[in-house]
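Notes follow the structure.
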Amino acid sequence: MRVRGARTHNLKNVSADIPRNRLVVITGLSGSGKSSLAFDTLYAEGQRRYVESLSAYARQFLQLMEKPDVDMIEGLSPAIAIEQKSTSHNPRSTVGTVTEIYDY
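Next comes the structure, spelled out in structure tokens:
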């Protein structure tokens, strides 16, 4: 996946090549733009592209995220985001149970 010229929030023309089909970790100091890159740029654009592919009828029920300030993103798949904060206090909760993917 290629990101070029990301300027979302405090990002300043960030470019990155991110491998697909690998576990990728974004690290850095507090305020360095980790969440801006992961959630406000990559996730927002992946979710926006997915929602735009749906019918007008389906889109009326979904909230469309704002288009991120970025020159180009290539190779981006539809995206879901899972926040670390959870309303469930069940210690047995997993990514699969929280997203209900486990049910399928």
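If you read the sequence shown in this note's numbering, its first letter stands for residue 5, the second for the next number, and so on. Glycine residues also receive a C-beta, built at the ideal position from the N, C-alpha and C atoms.
Proximity to residue i [Cα-Cα], best of the options
i	options	result
Gln67	Ser40, Tyr54, Glu78, Ser34	Tyr54
Ile22	Leu41, Gln51, Glu70, Ala85	Leu41
Met112	Ile30, His13, Thr45	Nothing in the structure corresponds to residue 112, since the chain is present only between 5 and 108.
Met3	Thr101, Phe43, Ile30	What the structure shows of the chain is the stretch from 5 to 108, and residue 3 is not part of that stretch, so it cannot be assessed.
Cβ shell of residue i (< 6 Å), same chain only, five flanking positions each side left out
i	result
Tyr47	Ala83, Ala85
Glu56	none
8 Å Cβ shell around residue i - same chain, five flanking residues per side excluded
i	result
Lys71	Ala48, Glu49, Arg52
Gly9	Asn17, Val18, Ser19, Val74, Asp75, Met76
Leu80	Met5, Leu46, Glu49, Gly50, Arg53
Cβ distance (whole Å) where residue i is taken to contact residue j below 8 Å
i	j	result
Gly32	His13	No, Gly32 and His13 are not in contact; Cβ-Cβ is about 14 Å, not under 8 Å.
Hey, is the segment 48-64 in contact with the segment 19-26, meaning 3+ C-beta pairs nearer than 8 Å?
By the Cβ criterion, the segment 48-64 is not in contact with the segment 19-26, since fewer than three pairs of Cβ atoms, one from each stretch, lie closer than 8 Å.
Every unbroken beta strand (DSSP E) within the segment 35-102, with a cutoff of 3 residues, ordered by chain
Counting only runs of at least 3 residues, the segment 35-102 fully encloses the following beta strand (DSSP E) elements, listed from N- to C-terminal order: 76-78.
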